[in-house]
Every structure is written in C-alpha cells, then in structure tokens.
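S.K.: Below is the structure I would like to discuss, written out as structure tokens.
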Ligand code: SF4
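See the structure below:
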C-alpha cells in the first residue's frame, strides 16, 4: 500500500503558487495552503476603501486560488512578527522597502513551524511557487539555498516550477514525488507559466505587476519612510500602514501630515478615525474629509485648512467655511481663503 | 449546538476572515457564528473561505453600514 504524502503550500494568490500546487496534486500529493497576512499584502482592504476600486477585484486571490485547487487554506496573521522582518532585514531591501529575501525566509520558516505545530496532520514537506531568476532580489539561483537553509526547511522545501534546476530534495530522493514531472523554469519570462496555466485550464488568475505586497511600490515605500522620519522612530501600528493606502498625503510642516480623502469611499473610511485624530471638514462647499496625523498646533490650523480647501469644490472661492474637530473639544469654525496651487508647495506632497 | 457572535467591525479584509477562521476553531460542528463586519469585501471573502473549508453560510443581512454573515461550522 502506498502512503499518501502531504504538503503545505505557500499561497500568495498569484499564478506561480497556483501552478506549483497543481503540479504536486498531479503527482498524488495531498496539499493544504497557508497564506501569511503581513498587513502590507495587496489582497483585500483597498477595495473596501476607494470608490473606484469597488468594481474591480472583489475577491481575495489566495482564497480564490485555494478554491480553484480544491484545497484548504489557512490564513495566518503575522502582522506583529513581520515588523522585525521589515525593520531589520538581514539581507537588506529590494528596490523599495521590500525585504523580499528575509520575507521569504520568514514565511517558509513559519511553514516549518506550522508543520511542527500540526504534527497530527502529518505534513511531509513544503511547496512554494518560486522560480529561479523571476524576482531580482529573492528568487535567484544563489538565494534558493539561503531560503531553504535559513528558514530551517532544508531539504523538505520543494519548488516544483524550477526543481529540475535545483539539488534533489528529500521528497524526490524518497520517491514521494517524481523529479522528472516537475519543471525547470527560470528567468523573468512569464511564458512557461502562462502555457502551464493554459494546460491546466486556469483563467482569470491574478498577476500583480510588482510583487505580492505594497512594499514593492515606490509611492507606498516613500510614504512609509516619510512617516518614520517624521516620527523619529520606525515603530508602526496596523492603522499606520492602512492609512498609508488611503488619500492624498501632504506634509506642510514636519510635525503633521494631512491625509485628504480622494473620494466618498475614503472619506467614509477616515470618518472612523474622528474620535482619535484631528479632522478637517469643509462645510460651505463639497469637499473631502481630512485627517491630521501627527501634532498640529492651533496656530497651524489656518494653514492646514487652506491646504484642505484647495482640494474641495470651493477652491476658487474667496472664502470657505471649515470645521476643525479636535477630539474632546468643541468644533472650531474657521473662514479661510483656499491656498492657490502655487502655495501648496510641491515638496509637501509625500 | 450553540450561537456565537464575532465583532469584526472596522476590520478590513482579510482580517474578518482570519478572525472568523480562528473563532471557528474554538467551536464544534453545527455551531452558529454571526460575524458582524463593515468591510463589504467580507461578503465575498467569508463565503469563499467557508466553501473551501467545509462550512456553510446560512445567510447574511445588512443594515446601514453593517453586515452580519451567519456561518454554520462544518465537519
Ligand atoms: S513582495 Fe512583499 S510579500 Fe512578496 S516577498 Fe517581497 S516583501 Fe514579501
């Protein structure tokens, strides 16, 4: 009697992990998926905020991928633990604030931990959709053994899409899987993956341009660094990282930043912060809700209101009425003249 | 069989799914869990999660900006 072997697969929601799992399923391996939520993932949340995103992707791609594959998916909240990965990456950052190599090591390491904690479920090995040369930082020939070693996975880490280019792993040596039925993809081209997707009949799969998270995005990374610089510390909370995805960010003074909603969806989202933060609302005209992050002094209210008024419908008016709400205080009513385009200094834009 | 409630208001996806998943681990087959959330994305994510993991969505209700999704724990 042959025993059925079992693997846990890192599912990002992208095509590569989808294919890697299917390749293993074809070899009779029973697979369950694991997805790590760092807080920076491209998945979810933004669609809940912006109006314009409402019609777009309403699905969580990791869940979608699991459903296509007919596998269970465990989503793990790693927000707290991930801070150390982002703040102190041993292998450094990629083009932006993305610590991809440390991130991969961390996630594979968490999968190793999962296997140990769920011994009763009998997982034998780990699968990832990594492809040599696919990503400039984390997926290079030299980094593949680093991930295997530093994560503690060693020879139970299988990359079905490029296994033929790598040393044989335990599941291959033990005969649980057939090396010949895996692949030798390499380089940045997506063609082999697309052809395999076609073969398996996968359509509509997600193909995020940069990477699996916001940290590969220049704009997002700039805002994150600005936040750290302004605070003089690299601490962050979940609210901080969410707020970096919302609104237009303008910093007229080092001590405070204005987060100006870009549409009704974002205004509504910022509403939820009214009790904790100073907020600015134009009342004489239509205009976005603005949240103030940082320390704003009363003498800067006029400046802040002037900037905010620039983004409302009364931008050309002589005067607009603005309400400033400071938590625990009476609303301050101000009548101010909106700043001109020139007065909103280019350098204030984060 | 017992009824439970989970407050996932103001959480953005996938947090409501993660919280639901973790709560369901503490429950037994047949238990009912009402998840109250405000992210409309939960309406597609929680049912997708339930289908994958063998749970049943008994229904959902929305009033104002809140959404209650009823999950019955499967085997
Ligand atoms: S893109 Fe983000 S989630 Fe993906 S490996 Fe890099 S740091 Fe990690």
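Residue numbers (the working numbering), protein chains in the order written: chain A, 1 to 350; chain B, 1001 to 1075. Beta carbons: idealized from backbone N, C-alpha and C, even for Gly.
Give the DSSP bridge partners of residue 345 of chain A, in chain order.
M.R.: The partner list for residue 345 of chain A (beta bridge, DSSP) is empty, contrary to what the question assumes.
S.K.: Any Cβ of chain A within less than 7 Å of the Cβ of residue 1044 of chain B?
M.R.: yes
S.K.: Please decide whether residue 37 of chain A counts as near chain B, where near means a Cβ-Cβ distance under 7 Å.
M.R.: yes
S.K.: For residue 352 of chain A, name the three-state secondary structure that DSSP assigns.
M.R.: Chain A is shown only over 1 to 350; residue 352 of chain A falls outside these bounds and no answer can be derived.
S.K.: Can you tell me the Cα-Cα spacing of residue 1031 of chain B and residue 1072 of chain B, whole angstroms?
M.R.: The straight-line gap separating the alpha-carbon atoms of residue 1031 of chain B and residue 1072 of chain B is approximately 6 Å.
S.K.: Strictly below 7 Å CB to CB, what residues from chain B border residue 63 of chain A?
M.R.: The answer, in chain order, is 1045, 1048, 1049, 1052.
S.K.: How would you label residue 266 of chain A, buried or exposed, when you count the other beta carbons within 10 angstroms and need 16 or more for buried?
M.R.: The residue is buried, with at least 16 neighbouring Cβ atoms inside 10 Å.
S.K.: Per DSSP, what kind of secondary structure is residue 100 of chain A in: helix, strand or coil?
M.R.: helix
S.K.: Any Cβ of chain B within less than 7 Å of the Cβ of residue 55 of chain A?
M.R.: In this predicted model, residue 55 of chain A has a pLDDT of only 49, less than 50, meaning its place in the structure is not dependable enough to derive any value.
S.K.: Can you check the stretch 258-299 of chain A for any alpha helix (DSSP H) of at least 4 residues that lies completely inside it and give the ranges in chain order?
M.R.: 264-271
S.K.: Helix, strand or coil: how does DSSP classify residue 356 of chain A here?
M.R.: No answer is possible for residue 356 of chain A: the residues shown for chain A start at 1 and end at 350.
S.K.: If we cut at 7 Å on Cβ distances, does residue 6 of chain A have a partner in chain B?
M.R.: Output row for residue 6 of chain A: interface = no.
S.K.: Please report the straight-line C-alpha distance between residue 1028 of chain B and residue 156 of chain A, rounded to a whole angstrom.
M.R.: 33 Å
S.K.: Among all residues, which have a Cβ less than 6 Å from at least one non-hydrogen atom of ligand 1, and in what chain order do they fall?
M.R.: A:98, A:99, A:100, A:103, A:104, A:138, A:211, A:212, A:213, A:215, A:216
S.K.: Leaving out five residues on either side along the sequence, give the residues of the same chain with a beta carbon under 7 Å from the beta carbon of residue 160 of chain A.
M.R.: 20, 23, 24, 127, 182, 183
S.K.: Taking C-beta pairs closer than 9 Å, name the residues in chain B that residue 72 of chain A reaches, listed in chain order.
M.R.: 1052, 1053, 1054
S.K.: Is the separation between the beta-carbon of residue 71 of chain A and that of residue 32 of chain A shorter than 7 Å?
M.R.: By the CB criterion at 7 Å, residue 71 of chain A and residue 32 of chain A fall inside the cutoff.
S.K.: In the structure shown, what three-state DSSP assignment does residue 306 of chain A receive?
M.R.: helix
S.K.: Have a look at residue 1060 of chain B and residue 246 of chain A and give me their C-alpha separation to the nearest angstrom.
M.R.: Cα to Cα, residue 1060 of chain B sits roughly 28 Å from residue 246 of chain A.
S.K.: Quick check on the DSSP output: the beta strand (DSSP E) that includes residue 1008 of chain B runs from which residue to which?
M.R.: 1003-1008 is the span of the beta strand (DSSP E), which, as asked, contains residue 1008 of chain B.
S.K.: Whose C-alpha, out of A:180, A:250, A:190, is nearest the C-alpha of residue 348 of chain A?
M.R.: A:250
S.K.: Please confirm whether residue 59 of chain A has its beta-carbon closer than 7 Å to some beta-carbon of chain B.
M.R.: yes
S.K.: Can you confirm whether residue 271 of chain A, when its beta carbon is compared against all beta carbons of chain B, has any partner nearer than 7 Å?
M.R.: no
S.K.: List the residues of chain B that residue 299 of chain A touches, going by C-beta distances under 7 Å, in chain order.
M.R.: None at all; the shortest Cβ gap to chain B is about 33 Å.
S.K.: What residue from A:60, A:69, A:68, A:86 has the CA that sits closest to residue 75 of chain A's CA?
M.R.: A:60
S.K.: Roughly how many whole angstroms lie between the Cα atoms of residue 305 of chain A and residue 322 of chain A?
M.R.: 7 Å
S.K.: Looking only at its own chain, which residues have a Cβ that is under 8 Å from the Cβ of residue 1066 of chain B, when we skip the five neighbours before and after it?
M.R.: Excluding the 5 residues flanking it on each side, residue 1066 of chain B has same chain C-beta neighbours closer than 8 Å at 1009, 1036, 1037, 1038, in chain order.
S.K.: Quick one: using the 10 Å Cβ neighbour count with 16 as the cut-off for buried, is residue 333 of chain A buried or exposed?
M.R.: exposed
S.K.: Does the separation of the CB atoms of residue 230 of chain A and residue 13 of chain A fall below 7 Å?
M.R.: no
S.K.: Going by beta carbon distance, what residues of the same chain come within less than 7 Å of residue 254 of chain A, once the five residues before and after it are set aside?
M.R.: 230
S.K.: Would you mind working out which of A:109, A:294, A:136 sits nearest residue 125 of chain A, comparing C-alpha positions?
M.R.: A:109
S.K.: Given that a residue counts as buried once 16 or more other Cβ atoms are within 10 Å of its Cβ, and exposed if not, what is residue 342 of chain A?
M.R.: Here residue 342 of chain A is exposed, its C-beta having fewer than 16 other C-beta atoms within 10 Å.
S.K.: List the residues of chain A whose Cβ lies closer than 9 Å to the Cβ of residue 1134 of chain B, in chain order.
M.R.: Past the boundaries of the shown model lies residue 1134 of chain B; chain B is included only from 1001 to 1075, so the question cannot be answered.
S.K.: Rounded to whole angstroms, what is the Cα-Cα separation between residue 104 of chain A and residue 98 of chain A?
M.R.: Rounded to whole angstroms, residue 104 of chain A to residue 98 of chain A spans 11 Å at the Cα level.
S.K.: Can you look up residue 1039 of chain B in the DSSP assignment and give me helix, strand or coil?
M.R.: coil
S.K.: Flag this pair as touching only if the stretch 169-188 of chain A and the stretch 218-232 of chain A have three or more C-beta atom pairs under 8 Å; answer yes or no.
M.R.: no
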